[in-house]
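Enquirer: As they're listed, the protein sequences go chains A and B. For what it's worth, the UniProt record's numbering labels the leading residue of the first sequence as 1, then goes sequentially. For what it's worth, the UniProt record's numbering labels the leading residue of the second sequence as 1, then goes sequentially.
Protein chains: 2
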Amino acid sequence: MDEDDVVRYLLKREEQIMERLCAFLRIPSVSTDPAFAEGMRKAQSFLLVWLESMGLRDVQLLDGSGHPAVYGAWEGAPGKPTILIYGHYDVMPPDPVEAWVSPAFEPTIRSGRLYARGASDVKGSTAIALETIEGFLKVRGACPVNIKVFLEGEEESGSASLRTIVDRFRPLLQADAMISADGGRASADIPTINVGCRGLVELEVSVKTAAKDLHSGRYGGAVRNAAHEMARIIATLHDERGAIAVPDLVAAVPELTSDAREQTARFPFDDGEFVREVGGLAHGEPGYSVREQLTLRPALDINGMWSGYIGTGSKTIIPNVAHAKLSLRTVPEQSIEHAVAALKAHLQSVTPQGVDLTIDDPGTGAEAFSLPSGHPLVICARKVLREATGKDPVLVRLGASVPITVIFEELLDVQTLMFGFNLPDEDVHAPNEFFHVASLAQGLSAWPRLLTALGEFDSGSFRQDERLQG
Amino acid sequence: MDEDDVVRYLLKREEQIMERLCAFLRIPSVSTDPAFAEGMRKAQSFLLVWLESMGLRDVQLLDGSGHPAVYGAWEGAPGKPTILIYGHYDVMPPDPVEAWVSPAFEPTIRSGRLYARGASDVKGSTAIALETIEGFLKVRGACPVNIKVFLEGEEESGSASLRTIVDRFRPLLQADAMISADGGRASADIPTINVGCRGLVELEVSVKTAAKDLHSGRYGGAVRNAAHEMARIIATLHDERGAIAVPDLVAAVPELTSDAREQTARFPFDDGEFVREVGGLAHGEPGYSVREQLTLRPALDINGMWSGYIGTGSKTIIPNVAHAKLSLRTVPEQSIEHAVAALKAHLQSVTPQGVDLTIDDPGTGAEAFSLPSGHPLVICARKVLREATGKDPVLVRLGASVPITVIFEELLDVQTLMFGFNLPDEDVHAPNEFFHVASLAQGLSAWPRLLTALGEFDSGSFRQDERLQG
Numbered sequence: 001m002d003e004d005d006v007v008r009y010l011l012k013r014e015e016q017i018m019e020r021l022c023a024f025l026r027i028p029s030v031s032t033d034p035a036f037a038e039g040m041r042k043a044q045s046f047l048l049v050w051l052e053s054m055g056l057r058d059v060q061l062l063d064g065s066g067h068p069a070v071y072g073a074w075e076g077a078p079g080k081p082t083i084l085i086y087g088h089y090d091v092m093p094p095d096p097v098e099a100w101v102s103p104a105f106e107p108t109i110r111s112g113r114l115y116a117r118g119a120s121d122v123k124g125s126t127a128i129a130l131e132t133i134e135g136f137l138k139v140r141g142a143c144p145v146n147i148k149v150f151l152e153g154e155e156e157s158g159s160a161s162l163r164t165i166v167d168r169f170r171p172l173l174q175a176d177a178m179i180s181a182d183g184g185r186a187s188a189d190i191p192t193i194n195v196g197c198r199g200l201v202e203l204e205v206s207v208k209t210a211a212k213d214l215h216s217g218r219y220g221g222a223v224r225n226a227a228h229e230m231a232r233i234i235a236t237l238h239d240e241r242g243a244i245a246v247p248d249l250v251a252a253v254p255e256l257t258s259d260a261r262e263q264t265a266r267f268p269f270d271d272g273e274f275v276r277e278v279g280g281l282a283h284g285e286p287g288y289s290v291r292e293q294l295t296l297r298p299a300l301d302i303n304g305m306w307s308g309y310i311g312t313g314s315k316t317i318i319p320n321v322a323h324a325k326l327s328l329r330t331v332p333e334q335s336i337e338h339a340v341a342a343l344k345a346h347l348q349s350v351t352p353q354g355v356d357l358t359i360d361d362p363g364t365g366a367e368a369f370s371l372p373s374g375h376p377l378v379i380c381a382r383k384v385l386r387e388a389t390g391k392d393p394v395l396v397r398l399g400a401s402v403p404i405t406v407i408f409e410e411l412l413d414v415q416t417l418m419f420g421f422n423l424p425d426e427d428v429h430a431p432n433e434f435f436h437v438a439s440l441a442q443g444l445s446a447w448p449r450l451l452t453a454l455g456e457f458d459s460g461s462f463r464q465d466e467r468l469q470g
Numbered sequence: 001m002d003e004d005d006v007v008r009y010l011l012k013r014e015e016q017i018m019e020r021l022c023a024f025l026r027i028p029s030v031s032t033d034p035a036f037a038e039g040m041r042k043a044q045s046f047l048l049v050w051l052e053s054m055g056l057r058d059v060q061l062l063d064g065s066g067h068p069a070v071y072g073a074w075e076g077a078p079g080k081p082t083i084l085i086y087g088h089y090d091v092m093p094p095d096p097v098e099a100w101v102s103p104a105f106e107p108t109i110r111s112g113r114l115y116a117r118g119a120s121d122v123k124g125s126t127a128i129a130l131e132t133i134e135g136f137l138k139v140r141g142a143c144p145v146n147i148k149v150f151l152e153g154e155e156e157s158g159s160a161s162l163r164t165i166v167d168r169f170r171p172l173l174q175a176d177a178m179i180s181a182d183g184g185r186a187s188a189d190i191p192t193i194n195v196g197c198r199g200l201v202e203l204e205v206s207v208k209t210a211a212k213d214l215h216s217g218r219y220g221g222a223v224r225n226a227a228h229e230m231a232r233i234i235a236t237l238h239d240e241r242g243a244i245a246v247p248d249l250v251a252a253v254p255e256l257t258s259d260a261r262e263q264t265a266r267f268p269f270d271d272g273e274f275v276r277e278v279g280g281l282a283h284g285e286p287g288y289s290v291r292e293q294l295t296l297r298p299a300l301d302i303n304g305m306w307s308g309y310i311g312t313g314s315k316t317i318i319p320n321v322a323h324a325k326l327s328l329r330t331v332p333e334q335s336i337e338h339a340v341a342a343l344k345a346h347l348q349s350v351t352p353q354g355v356d357l358t359i360d361d362p363g364t365g366a367e368a369f370s371l372p373s374g375h376p377l378v379i380c381a382r383k384v385l386r387e388a389t390g391k392d393p394v395l396v397r398l399g400a401s402v403p404i405t406v407i408f409e410e411l412l413d414v415q416t417l418m419f420g421f422n423l424p425d426e427d428v429h430a431p432n433e434f435f436h437v438a439s440l441a442q443g444l445s446a447w448p449r450l451l452t453a454l455g456e457f458d459s460g461s462f463r464q465d466e467r468l469q470g
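(1) Alpha carbon to alpha carbon, what distance is there between W74(B) and G135(B)?
(2) My guess is that H346(A) and K315(B) are in contact by the Cβ rule of under 8 Å, so how many angstroms apart are they, rounded?
(3) Three-state secondary structure (DSSP) at W74(B)?
(4) Taking the alpha helix (DSSP H) that V91(A) belongs to, which residues open and close that run?
(5) From the DSSP output, in three-state form, read off G304(A) for me.
(6) What number of angstroms, rounded off, separates the C-alpha of E466(B) from the C-alpha of G374(B)?
(7) If contact is defined by three or more beta carbon pairs under 8 Å, each pair taking one atom from either stretch, is the stretch 184-198 of chain A in contact with the stretch 381-399 of chain A?
(8) Throw me the rounded Cβ distance for the A129(A) and A226(A) pair, which I believe falls under 8 Å.
(9) Got a sec: is the Cβ-Cβ distance from W100(B) to anything in chain A below 9 Å?
(10) According to DSSP, which residues form a beta bridge with T324(B)?
(11) What are the partner residues of N194(B), as DSSP defines its beta bridges?
(12) Taking Cβ-Cβ distances shorter than 7 Å, what residues in chain A pair up with T209(B)?
(13) In or out: E255(A) buried (at least 16 other Cβ within 10 Å) or exposed?
(14) Out of curiosity, what's the CA-to-CA distance linking L377(A) and I234(B)?
(15) Taking DSSP's pairing of strands, which residues face V355(A) in a bridge?
(16) Under a Cβ-count criterion, where at least 16 other Cβ atoms within 10 Å of its own Cβ denotes burial, should P448(A) be classed as buried or exposed?
(17) Against chain B, which members of the stretch 195-224 of chain A pass a CB distance test of less than 9 Å?
(18) Grouping DSSP H, G and I as helix and E and B as strand, with all else coil, what is R110(A)?
(19) From this set, V97(B), L423(B), A181(B), which residue's C-alpha is nearest G311(A)'s C-alpha?
(20) Using only alpha-carbon positions, find the residue among M418(A), I133(A), E410(A), H215(A) that is nearest to W50(A).
(21) Taking a Cβ distance cut-off of 7 Å, strictly less, list which residues of the stretch 14-37 of chain A are near chain B, in chain order.
(22) Run down chain A in chain order and give the residues with a C-beta less than 7 Å from the C-beta of S157(B).
(23) Within 8 Å, do at least three Cβ pairs link the stretch 411-423 of chain A to the stretch 168-181 of chain A?
(24) Could you tell me whether any Cβ in chain A is nearer than 9 Å to the Cβ of G242(B)?
(25) Nearest-angstrom Cα distance between H215(A) and K325(B)?
(26) How would you write the range of the beta strand (DSSP E) that S180(A) sits in, first residue to last?
(27) Going by the beta-carbon positions, is the gap between S335(B) and A252(B) smaller than 9 Å?
(28) Does any residue of chain B have a CB that is nearer than 9 Å to the CB of D465(A)?
(29) Could one say the Cβ of N146(B) lies closer than 9 Å to chain A's Cβ atoms, at least one of them?
(30) Work out the CA separation of P78(A) and S29(A) for me, nearest whole Å.
(31) So, using beta-carbon positions, are F369(A) and G199(A) closer together than 9 Å?
(32) Should Q293(B) be labelled buried (16 or more other beta-carbon atoms within 10 Å of its own) or exposed?
(33) What residues of chain B sit near M92(A), judged by a beta carbon separation below 7 Å?
(34) Can you check whether the CB of M18(B) is closer than 9 Å to the CB of L114(B)?
Spelled out as structure tokens, the structure:
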């Protein structure tokens with residue numbers, strides 16, 4: 001049996017596949033904002049019906065007291081490895097909505113790009129995975145490996161209940177390895193395999209300087225202003241070159257190995273072009289290339305800050321509170337627990353007397369992750385990509401974070417291959433997010449081949465190889 | 001004729017007067033936000049009907065292409081001075097609405113306080129002025145002076161079209177002096193006369209660091225973050241003690257005269273209590289008392305700042321823009337034009353290459369103002385307050401700004417006495433704004449006596465005395 005029958009079947013159906021993807025994208029499944037609860041429920045129904053109709057068993061919602069995950073399995077290949085297929089059906093909020101050329105939840109194709117919130121992150125690649133499984137079952141009545149589909153509903157809101165779900169449904173989720181539709185390609189031209197990602201932890205910081213907002217005429221000049229205090233605190237987080245200036249945090253970041261630097265340098269990358277493309281100038285920790293800054297070094301960013309009157313017109317108040325949402329991207333061998341403790345101690349130390357500092361820590365951080373290069377997942381991905389492109393894939397790391405990898409490794413002892421087909425230019429998390437239409441066919445060709453290659457291993461070889469590679 | 005017949009009439013009607021004030025307060029006349037346009041129109045109608053029904057002539061809206069002013073006149077006292085009566089019918093936005101104990105536009109009396117947006121600033125005192133005029137006309141069919149009522153609709157949004165209106169209707173508005181219902185009392189116990197106020201100018205500052213919001217995983221560590229840049233800029237505006245740190249601006253502020261310091265010290269004021277009352281700690285320019293900081297020294301405040309994602313949950317973006325609303329309170333002999341130029345130059349100088357700085361200057365600043373202490377307005381106010389309280393009033397200055405004073409002085413050559421009855425603890429511009437119910441009767445007793453005292457001067461003496469006092 002050759003996997004090409006399935007690939008041919010899928011490519012012939014590309015138009016219907018695009019239609020179903022658009023139906024998926026029309027559902028406003030924003031997990032971070034309770035106003036979109038109805039959209040979340042609609043996305044769950046959409047997926048339950050799809051998994052059931054393609055012939056998966058045990059189709060159900062896995063509840064962890066947040067947004068549930070959608071689950072379904074096909075276990076008709078005894079002796080073959082069992083592969084968890086990960087995707088997520090939730091998307092980022094569409095804000096700022098007025099910046100979208102076509103509405104965020106009305107998928108629109110322009111110039112070879114499918115515009116919609118979630119098109120790139122990650123409904124497009126999730127659809128490729130599901131269509132692949134359906135293709136095998138339709139064409140052959142069987143998949144080359146056992147399949148357990150796990151579609152998360154809280155990836156964009158910090159995977160708050162993921163650990164609870166995986167722990168609660170541990171027996172159901174037993175598998176040999178995981179392929180994730182999240183964590184896309186680094187380049188459209190150069191084949192790459194993601195072998196790791198940065199960690200992520202988020203905090204919300206608030207300062208309070210008075211019991212209430214005060215009139216700036218009546219109090220201006222004699223009381224603290226919460227916006228000033230927040231600005232002074234934020235200004236201490238980086239030096240003027242853009243390097244993180246939280247000493248205890250920085251001290252615990254390991255120096256780069258020469259191997260890591262060499263691997264990173266193999267990926268062709270134009271530092272100047274990268275920053276010019278987004279309309280910026282080079283900025284960040286000196287002594288590191290942009291790729292190193294993005295994938296091998298930590299990043300600390302204010303994701304949002306607000307204080308006082310931000311409506312139309314003016315309101316001459318002295319704000320009594322100010323807030324900032326903060327995220328820290330960590331690297332391997334950097335402990336999130338230590339980094340957060342260092343960050344909190346720094347924030348306390350720079351907050352003057354008379355200012356109340358509150359740090360809201362949801363405790364949902366995910367450590368950075370690394371996949372050993374000799375793991376069957378990497379071997380198979382290498383084979384598939386080499387055959388498809390004629391080039392030896394470059395092993396790359398992601399700057400973004402896929403918290404699921406750590407949770408699944410820890411609770412189920414499975415390693416994850418990120419095999420999403422999204423690309424870096426697709427304005428993920430921003431207005432006018434899109435998915436390159438050409439990526440759909442590329443994904444529908446590669447996924448069947450990957451599952452076929454994995455089917456040539458037996459279940460036992462996964463853990464053995466992993467141990468060998470440490 | 002004694003003014004006590006009018007005072008008696010007004011105090012007997014206090015209940016009806018409170019009812020009419022509540023009707024006025026129920027109208028959401030927020031001038032800064034276009035969403036309240038209907039409330040602005042309702043407030044205009046309410047006032048037009050009131051002025052017409054009490055017997056004023058020439059009742060009309062004075063248009064300057066923004067929110068119009070409401071006007072009406074009584075000119076039945078030939079040879080007597082003509083007094084402009086100033087108030088404003090617009091109010092601040094009610095935000096944050098959730099912080100109000102009773103809704104902002106449902107006036108509610110609790111423990112001797114009338115809670116409503118605008119109760120203190122300045123519908124309460126405006127109502128006192130109008131009820132006084134109506135009282136004279138009802139009881140005697142005449143006022144002791146000629147009256148021109150001018151009720152502004154844009155005081156809370158920087159008086160954008162006030163200059164245009166006053167200039168356009170200059171002949172109609174000719175007067176000898178002005179009494180303002182805005183600019184309240186400094187204390188409930190100690191009689192005071194406001195003889196000046198700080199100036200006010202507002203700017204909106206924006207920075208842009210990239211063409212769009214960027215994913216913090218894909219870009220974090222290698223690009224500028226607009227929130228960081230705004231924080232660094234704001235942090236340069238003050239030193240750690242709270243003193244303004246814009247050298248060219250500070251250098252142009254005149255040193256305090258010993259006379260100014262003595263006058264300020266006459267007003268009993270507990271510095272520690274003042275900051276404790278608002279839940280803060282002492283903060284601000286060293287070497288000055290709190291009263292001096294508030295009334296004789298400039299203040300620079302961020303009134304609002306915002307950047308990135310500020311909704312529920314999280315969104316891991318690197319914001320590409322950040323905004324801040326900024327206000328500067330100036331003191332006499334400090335030129336706004338110079339201060340704004342110094343501030344702009346400073347902002348430019350601290351903005352690094354790679355960051356686009358935009359400063360939106362609506363050009364609606366108002367200089368600080370001073371009323372000469374020998375002016376008939378001060379003489380009359382002193383007499384009325386001494387008789388009412390048995391104490392010699394203290395001459396005080398306001399920390400807040402009443403831009404109208406400068407505009408009327410410049411265009412109509414009239415001086416302004418601020419004779420509002422609001423008090424400093426009334427949470428102006430904040431949630432749960434209120435007006436002390438007891439102030440209503442105090443105002444209704446004082447205003448008729450003030451108009452009677454002014455009626456003892458003739459028209460010519462205003463300008464003469466002014467010249468004598470310089």
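Backbone N, C-alpha and C define an ideal beta-carbon position, used for all residues, glycine too. Only a predicted model underlies this, so the values are computations on that prediction, with no experimental measurement involved.
Expert: The answer reads as follows:
(1) Locating residue 135(B) in the second sequence gives position 135, counting from the first residue. Locating residue 74(B) in the second sequence gives position 74, counting from the first residue. If I take the Cα positions, the gap works out to 13 Å.
(2) Here residue 346(A) is taken as the residue at index 346 of the first sequence, counted from 1. Here residue 315(B) is taken as the residue at index 315 of the second sequence, counted from 1. That pair is no contact at about 24 Å.
(3) Stepping through the second sequence from its first residue, residue 74(B) is reached at position 74. DSSP places W74(B) in strand when its eight states are reduced to three.
(4) Looking up residue 91(A) in the first sequence gives position 91. First-last for V91(A): undefined, no H or E at that position.
(5) Here the question's residue 304(A) lines up with position 304 in the first sequence. Looking at G304(A) - three-state DSSP - the assignment turns out to be strand.
(6) By 1-based counting over the second sequence, the position of residue 466(B) is 466. By 1-based counting over the second sequence, the position of residue 374(B) is 374. In this predicted model, E466(B) has a pLDDT of only 45, less than 50, meaning its place in the structure is not dependable; the value taken from the coordinates is given anyway. E466(B) and G374(B): Cα-Cα distance of roughly 7 Å.
(7) yes
(8) Stepping through the first sequence from its first residue, residue 129(A) is reached at position 129. Stepping through the first sequence from its first residue, residue 226(A) is reached at position 226. For A129(A) against A226(A), the beta-carbon gap comes to about 47 Å, at or over 8 Å, which does not count as contact.
(9) What you label residue 100(B) is simply residue 100 of the second sequence in a count that begins at 1. With 9 Å as the cut-off, W100(B) does not count as an interface residue toward chain A.
(10) Taking the first residue of the second sequence as position 1, residue 324(B) is located at position 324. Per the sequence presented here, residue 324(B) reads as Ala, with Thr not at that position. Answer is V205(B), M305(B), bridged to A324(B).
(11) Working through the second sequence from its first residue, we reach residue 194(B) at position 194. According to DSSP, N194(B) bridges with V396(B), M418(B).
(12) Position 209 of the second sequence holds residue 209(B). Neighbourhood of T209(B) in chain A, by CB distance below 7 Å: G280, in chain order.
(13) Stepping through the first sequence from its first residue, residue 255(A) is reached at position 255. The residue is exposed, with fewer than 16 neighbouring Cβ atoms inside 10 Å.
(14) As a working mapping, residue 377(A) is identified with position 377 in the first sequence. As a working mapping, residue 234(B) is identified with position 234 in the second sequence. For L377(A) and I234(B), the distance between alpha carbons rounds to 50 Å.
(15) Taking the first sequence and counting its residues from 1, one reaches residue 355(A) at position 355. Bridge partners of V355(A): none, in fact.
(16) Here residue 448(A) refers to the residue found at position 448 when the first sequence is read from its first residue. It counts as buried.
(17) C197, R198, L200, E202, E204, K208, T209, A210, A211, K212, D213, L214, H215, S216, G217, R218, Y219, G220, G221, A222, V223, R224
(18) The count along the first sequence starts at 1 and reaches residue 110(A) at position 110. If DSSP states are grouped into helix, strand and coil, R110(A) belongs with the strands.
(19) By one-based count along the first sequence, residue 311(A) stands at place 311. Of the candidates V97(B), L423(B), A181(B), V97(B) places its Cα closest to the Cα of G311(A).
(20) Taking the first sequence and counting its residues from 1, one reaches residue 50(A) at position 50. Between W50(A) and the set M418(A), I133(A), E410(A), H215(A), the nearest pair of CA atoms involves I133(A).
(21) Contact annotation: in the stretch 14-37 of chain A, residues whose CB is within less than 7 Å of a CB in chain B are T32, D33, P34.
(22) Translated into the one-based positions of the second sequence, residue 157(B) becomes position 157. Near S157(B) (Cβ distances below 7 Å), the residues of chain A are G313, S314.
(23) Result yes; three or more Cβ-Cβ pairs closer than 8 Å.
(24) One-based indexing of the second sequence puts residue 242(B) at position 242. Yes, because at least one Cβ of chain A sits closer than 9 Å to the Cβ of G242(B).
(25) For this step, residue 215(A) is matched to residue 215 along the first sequence. For this step, residue 325(B) is matched to residue 325 along the second sequence. Those two C-alpha atoms are separated by around 14 Å.
(26) To locate residue 180(A), count along the first sequence from 1; it is residue 180. Per DSSP, S180(A) belongs to the beta strand (DSSP E) from 177-180.
(27) Translated into the one-based positions of the second sequence, residue 335(B) becomes position 335. Translated into the one-based positions of the second sequence, residue 252(B) becomes position 252. Yes. Within cutoff.
(28) In the first sequence, counting from the first residue as 1, residue 465(A) sits at position 465. With a pLDDT of 45 at D465(A), under the threshold of 50, the modelled position of that residue is not reliable, and no figure is offered here.
(29) Taking the second sequence and counting its residues from 1, the one referred to as residue 146(B) is at position 146. Output row for N146(B): interface = no.
(30) The residue you call residue 29(A) lines up with position 29 of the first sequence. The residue you call residue 78(A) lines up with position 78 of the first sequence. Cα to Cα, the separation comes out at about 36 Å.
(31) Reading the first sequence from its first residue, position 369 is the one you call residue 369(A). Reading the first sequence from its first residue, position 199 is the one you call residue 199(A). Closer than 9 Å, so yes.
(32) Translated into the one-based positions of the second sequence, residue 293(B) becomes position 293. With 16 or more other Cβ atoms within 10 Å, it is buried.
(33) Here residue 92(A) refers to the residue found at position 92 when the first sequence is read from its first residue. Chain B residues near M92(A): K315.
(34) Residue mapping note: residue 114(B) aligns to position 114 of the second sequence, counting from 1. Residue mapping note: residue 18(B) aligns to position 18 of the second sequence, counting from 1. Yes. Within cutoff.
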